[in-house]
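These notes are about the structure you will find just below.
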Amino acid sequence: MFSLDGGVKYWLYNKPVDMRKSFNGLSGIVTNGMSASLRSGDVYIFMNASRNMMKMLRQEEGGLVLYAIRLDMGRMKPAIISSDEDVISSGISYEDMVRMVRSALDSPYVRRMRMLSKSF
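Here it is in structure tokens:
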């Protein structure tokens, strides 16, 4: 339980999502918007329009698990940028998902802002 690793498939929803959605709202997007099944055990990734929040939804043995990440500063860079608006979701690797989060954490702008705030 509570395991995210390279052994599962990751699907990135390519449209901004209202981060007030929780289990029911996000599972509705998976079923209706992505035409997928939560029972597959895959991880479904959602981001807000400003890309400072991410939620991941997965069906595990005990039920649904929702992972949430909110950045204090910076933005996450999507692993795949699709110019085709008809593409609803994209399969990405575990490494791509980790890279999306680290893209904001490793940004020189974010580091500079953190150092400036410590000097005051």
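With this note's numbering, the residue at position 9 of the sequence shown is 39, and numbering never jumps. Each residue gets a CB set at the ideal place from its N, CA and C atoms; glycine is no exception. Computed from a prediction, not measured in an experiment: that's the story for all the values here.
> For LYS51 versus ASP72, is the C-beta spacing smaller than 8 Å?
Replying inline: Going by C-beta atoms, LYS51 is not nearer than 8 Å to ASP72.
> Whose C-beta lies closer than 7 Å to the C-beta of ALA98 among residues of the same chain, with five residues either side of it excluded?
Replying inline: Non-local beta-carbon contacts of ALA98 in its own chain, meaning distances under 7 Å to residues more than five positions away in sequence, involve LYS85 in chain order.
> Enumerated in chain order, which unbroken segments of the beta strand (DSSP E) with a length of 3 residues or greater are wholly contained in the segment 36-97?
Replying inline: As summarised for the segment 36-97, the continuous beta strand (DSSP E) elements at least 3 residues long and confined to that stretch are 40-43, 73-77, 83-90, given in chain order.
> In this structure, what does DSSP give as the bridge partners for SER119?
Replying inline: Looking at the DSSP output, SER119 bridges to TYR43.
>> Among the candidates LEU96, ASN82, ILE122, whose CA atom is the shortest distance from the CA of MET103?
In response: It is ASN82 whose Cα lies nearest to the Cα of MET103.
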